[in-house]
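Protein chains in written order, with my numbering: chain A, 104 to 219; chain B, 191 to 303. Reading through the structure tokens given below for one structure.
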Amino acid sequence: DAMVIQNPRYQVTQFGKPVTLSCSQTLNHNVMYWYQQKSSQAPKLLFHYYDKDFNNEADTPDNFQSRRPNTSFCFLDIRSPGLGDAAMYLCATSSPEASGRRETQYFGPGTRLLVL
Amino acid sequence: AQSVSQHNHHVILSEAASLELGCNYSYGGTVNLFWYVQYPGQHLQLLLKYFSGDPLVKGIKGFEAEFIKSKFSFNLRKPSVQWSDTAEYFCAVMPPNDYKLSFGAGTTVTVRA
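Rendered as structure tokens:
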């Protein structure tokens, strides 16, 4: 019944070693989002895909990239993780056109990234 | 800057006490409003949402929220909390003509048995 799936749930990487987090969805939603959430803070939107169109937030560091090979999958690539990138990374999906502005985002369980 | 403000960072209360969490936003025009909850170790879940119509919205687990347009507020309430309501609560706003969410900083609610 899982609708937004994130793997792995926990990821440990080394300082500067590239890491990829994955998200998949069974909802067939056309928009997929990546958020960064640090402890006791609000989720911060990094970027999103509207269909195949990539939309980066203005303050997202270049170190963060994303790929969406098809509707169901979306990846977050961190090219050179720093200690400050340790956080929970949340994937979410939505379908603005289908909902007619009655829009809800559905979140995955998140991947907790630890940078050593 | 346009934003979402949650008044309380941490609320501690006893079981059966009433809960009210404040949320104010600064966007003009028609907005969509949400409350999400994050239980310890779990993912963000939708608690309730407001799009239009009756400004008093009922959600899951006995929660409700009231949209007061004149005050740009969307406060969350529960008449009698349980220990299992211990969680972090996030207010979120979808600004006019947008589909992205803007989150408040969150309120940690601790319910003591």
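Glycine included, every Cβ here is placed at the ideal spot set by N, Cα and C. Note that the coordinates shown come from a computational prediction; the quantities given were computed from them, not determined experimentally.
Residue state for B:LEU291 is assigned as coil, using DSSP reduced to three classes. Judged by DSSP secondary structure, B:PHE262 falls outside any beta strand (DSSP E); it is assigned neither H nor E. DSSP links B:LYS239 through a beta bridge to B:PHE224. Secondary structure note for A:LYS147: its beta strand (DSSP E) is the uninterrupted segment 147 to 153. Within the region 191 to 211 of chain B, no residue has a Cβ lying closer than 7 Å to any Cβ of chain A. Taking all protein chains in view, the Cβ of B:PRO286 is surrounded by fewer than 16 other Cβ atoms within 10 Å, so the residue is classified as exposed.
Within chain A, the residues THR207 have their CB atoms less than 7 Å from the CB of B:LYS239, given in chain order. Residue range 134 to 140 is occupied by the beta strand (DSSP E) that includes A:TRP137. Among the residues of chain B, none has a CB under 8 Å from the CB of A:GLY185; the nearest is roughly 23 Å distant. Among the CB atoms of chain A, none fall inside 8 Å of the CB of B:ALA255. The CB of A:GLN144 comes closer than 8 Å to the CB of ALA295, GLY296 in chain B, given here in chain order.
Put simply, the backbone Cα of A:ILE108 is about 14 Å away from that of A:ARG215. One thing to note: B:LEU236 has its Cβ no nearer than 8 Å to the Cβ of A:THR196. In this structure, A:PHE176 is the residue among A:PHE176, A:ASN166, A:ASP165, A:ASP188 with its C-alpha nearest to the C-alpha of A:GLY211. Nearest C-alpha to B:LEU211 among B:TYR289, B:SER263, B:HIS233: B:SER263.
Within 7 Å of the CB of A:PHE210, the CB atoms of chain B belong to HIS233, LEU234, in sequence order along the chain. Between A:LEU186 and A:PHE118, the C-beta gap is smaller than 8 Å, which places the two residues in contact. With fewer than 16 other beta carbons inside 10 angstroms of its own, A:PRO172 counts as exposed.
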